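Chains as they are written, first to last, in the working numbering: chain A, 1 to 339; chain Z, 340 to 678.
Where is the CB? At the ideal position from N, CA and C, for every residue including glycine.
None of the values given here were measured: they were computed from a predicted structure.
Heads up, the thing below is written out as structure tokens.
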């Protein structure tokens, strides 16, 4: 193993990323020095938030550098190690996705703890529903929105990794769950696989009325995972003292000129609403209790997943683009090598 | 005292209220029955939120009825009483403004406790900075936004009753306070009378840059008292984990077609912001501690007030209109009779 192919950012995308905003580069893998580890990536994750890092604007994480490899979470296997913390054959999670292999100081790697994980489950779930997406759903519902049993919950982006975990978690404590998706195929998956109470296609012309019908007494908690029109409709249908957790707004990621926000923010006062944004990085302390919950739900078949998988590092730019054109279904992953 | 003049809603305003949306009606005052009290109004309050009640749409309080007297807070004097709870000559607060006199069941009246109030202060302060507006400011900063000493605060609508109390309260615990107002006259009042750190005219073309300059390290707490452009600029300048208390958004009250919200709501996630709306009715338990604070600030000259006063019930519709055209300065009151 001498060479690694990796994806660099060739230019900052304007609006939706295009294939020629990315470039494939082959590089020699450097020698492993003291305290370093050589890792071969097996799976990498392609996430909407990465779009933000492609712009040169300040955010909670710095922008990607041009002509450098992109970054994103990845699961890899230790090939050789000069650190006492890792041994050959172990699985690690890192932020060094978008490349086939890499050498890193041990401190940037996290051991993947598979001891509690049921054997029947595939390892790549740790990049989707068992990873930050799942933790995001858990923190959103139980810490940010303080969801209680039997409350009425609206979950946008319900077929995505965050949304589908949120649906299963909310159902598991006896909540009434309404979720939205962007196609009839996805809507049906919500009904049949996640068995939520009402599944709605937000591209339907009667979307707004459907939400009102689904919540005759109003919404206690809205998981904002979409942005745009869904936020407006949610605000109109919130109950007094309702809570909104903002975990993502995919709708605005590619807008060069930002779209205006909803015209009904006055509902925040009218209904004494609480809105809160967060990122999962600040809620890592919840990870163990989240995983306990998730393994139980997976074992009992109450939590399902969808992965959009492509193969080979070359396929990753297109996978990124498909994220925003509604072609992907569930968490987007790229398989980089056999595990 | 046989007759009382009162203002009825003649038609539901479209956009900004017009004089002929109101009508002056003279009515015979009914006889005082058991458990009832006859009150002569001395002062009445004219508030932006009343505009919402002129529309026939559901809100946290029901809409005004057509051809019935409007309602709003008022201070009056007991003329005669058939209730053991009130005696002649006492001062009461009620929601029966917009009329010169009225008969009410005792249970709808609240005795005005003047024992702790410094003698030098005028009674009508209980309709402005010592009333719900002041309590709103107190609850916004100390309960909703959890303001801490030395934090950096942005207060919109700073010359209004809510805003000016908020400025004085925030200064009193050692915060850095930046306030906005809509004219140079109001801006100067903030500098000279309230002595806040920076006073900015939001109609200035360099408004957005002025806010960024005033908060080089960002805003900890924003008191949303205005809506529109000020909310957008605040969102862009909030610190990580900043808090926004929504106590009013005067900008949107008269819009027939609601204006779009700010295009930068993504900041809520980027910066893990907390936004919360509330109405003072749900925070009455704070009233005593608020009044203690306010009396101290008034005694030491650190809390000032502005009243826009007109005289006579006939002047009240125009006073309502002036609220929304920026002509009023501070709390709008109508003097209905001598105290």
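Among the options, the one whose alpha carbon lies nearest that of residue i
i: residue 601 of chain Z; options: Z:655, Z:566, Z:430, Z:478; result: Z:566
i: residue 58 of chain A; options: Z:455, Z:575, Z:401, Z:613; result: Z:575
i: residue 416 of chain Z; options: Z:390, Z:389, Z:570, Z:452; result: Z:452
i: residue 158 of chain A; options: A:304, A:4, A:3; result: A:304
i: residue 286 of chain A; options: A:171, A:177, A:141; result: A:141
i: residue 629 of chain Z; options: Z:442, Z:477, Z:460, Z:355; result: Z:477
i: residue 119 of chain A; options: A:327, A:295, A:319, A:329; result: A:295
i: residue 37 of chain A; options: A:122, A:86, A:204, A:196; result: A:86
i: residue 378 of chain Z; options: Z:431, Z:345, Z:422; result: Z:431
i: residue 238 of chain A; options: A:193, A:275, A:207; result: A:275
i: residue 358 of chain Z; options: Z:672, Z:367, Z:653, Z:657; result: Z:657
i: residue 282 of chain A; options: A:143, A:71, A:102; result: A:143
i: residue 555 of chain Z; options: Z:517, Z:405, Z:659; result: Z:517
i: residue 160 of chain A; options: A:171, A:180, A:96; result: A:180
i: residue 10 of chain A; options: A:243, A:61, A:65; result: A:65
i: residue 652 of chain Z; options: Z:454, Z:353, Z:362, Z:532; result: Z:362
i: residue 509 of chain Z; options: Z:646, Z:677, Z:632; result: Z:632
i: residue 195 of chain A; options: A:115, A:243, A:302; result: A:302
i: residue 410 of chain Z; options: Z:597, Z:429, Z:387; result: Z:387
7 Å Cβ cut-off: residues of chain A touching residue i
i: residue 600 of chain Z; result: 260, 261, 262, 263, 265
Spatial distance of residue i from residue j (CA atoms)
i: residue 191 of chain A; j: residue 225 of chain A; result: 19 Å
i: residue 125 of chain A; j: residue 284 of chain A; result: 17 Å
i: residue 590 of chain Z; j: residue 269 of chain A; result: Here the model assigns residue 590 of chain Z a pLDDT of 46, short of 50, so the residue's position is not dependable and the matter cannot be decided.
i: residue 167 of chain A; j: residue 360 of chain Z; result: 49 Å
i: residue 551 of chain Z; j: residue 580 of chain Z; result: 17 Å
i: residue 541 of chain Z; j: residue 521 of chain Z; result: 6 Å
i: residue 129 of chain A; j: residue 135 of chain A; result: 8 Å
i: residue 351 of chain Z; j: residue 538 of chain Z; result: 37 Å
i: residue 175 of chain A; j: residue 186 of chain A; result: 21 Å
i: residue 504 of chain Z; j: residue 586 of chain Z; result: 13 Å
i: residue 527 of chain Z; j: residue 562 of chain Z; result: 20 Å
i: residue 209 of chain A; j: residue 233 of chain A; result: 9 Å
i: residue 648 of chain Z; j: residue 637 of chain Z; result: 20 Å
i: residue 83 of chain A; j: residue 610 of chain Z; result: 36 Å
i: residue 612 of chain Z; j: residue 606 of chain Z; result: 7 Å
i: residue 406 of chain Z; j: residue 437 of chain Z; result: 13 Å
i: residue 79 of chain A; j: residue 28 of chain A; result: 16 Å
i: residue 206 of chain A; j: residue 230 of chain A; result: 12 Å
i: residue 434 of chain Z; j: residue 306 of chain A; result: 57 Å
i: residue 454 of chain Z; j: residue 429 of chain Z; result: 12 Å
i: residue 584 of chain Z; j: residue 52 of chain A; result: 27 Å
i: residue 288 of chain A; j: residue 553 of chain Z; result: 43 Å
i: residue 204 of chain A; j: residue 243 of chain A; result: 25 Å
Short Cβ contact (7 Å threshold) for residue i with residue j
i: residue 674 of chain Z; j: residue 650 of chain Z; result: yes
i: residue 351 of chain A; j: residue 88 of chain A; result: Since the first residue shown for chain A is 1 and the last is 339, residue 351 of chain A is missing from the structure and cannot be characterised.
i: residue 502 of chain Z; j: residue 494 of chain Z; result: yes
i: residue 44 of chain A; j: residue 74 of chain A; result: yes
i: residue 373 of chain Z; j: residue 444 of chain Z; result: no
i: residue 560 of chain Z; j: residue 484 of chain Z; result: yes
i: residue 316 of chain A; j: residue 322 of chain A; result: no
i: residue 402 of chain Z; j: residue 347 of chain Z; result: no
i: residue 219 of chain A; j: residue 110 of chain A; result: no
i: residue 471 of chain Z; j: residue 619 of chain Z; result: yes
i: residue 672 of chain Z; j: residue 466 of chain Z; result: yes
i: residue 16 of chain A; j: residue 278 of chain A; result: no
i: residue 353 of chain Z; j: residue 678 of chain Z; result: no
i: residue 260 of chain A; j: residue 599 of chain Z; result: yes
i: residue 103 of chain A; j: residue 46 of chain A; result: no
Neighbour list for residue i in chain Z, Cβ cutoff strictly below 8 Å
i: residue 173 of chain A; result: Near residue 173 of chain A there are no residues of chain Z at all, since even the closest Cβ is about 24 Å away, more than 8 Å.
Listed by chain order, chain Z residues near residue i by CB distance under 7 Å
i: residue 246 of chain A; result: 607, 608
Below-7 Å beta-carbon distance, residue i vs any chain C residue
i: residue 4 of chain A; result: Here the protein chains are A and Z, and chain C is not one of them.
*asked:* Taking beta-carbon pairs under 7 Å, can you tell me which members of the stretch 275 to 307 of chain A lie near chain Z?
replied: Contacts with chain Z (Cβ-Cβ distance below 7 Å) from the stretch 275 to 307 of chain A involve 275, 276, 277, 278, 279, 282, listed in chain order.
*Below 8 Å between beta carbons is the criterion; list the residues of the stretch 86 to 119 of chain A that meet it against any residue of chain Z, in chain order.*
Cβ contacts with chain Z: none found.
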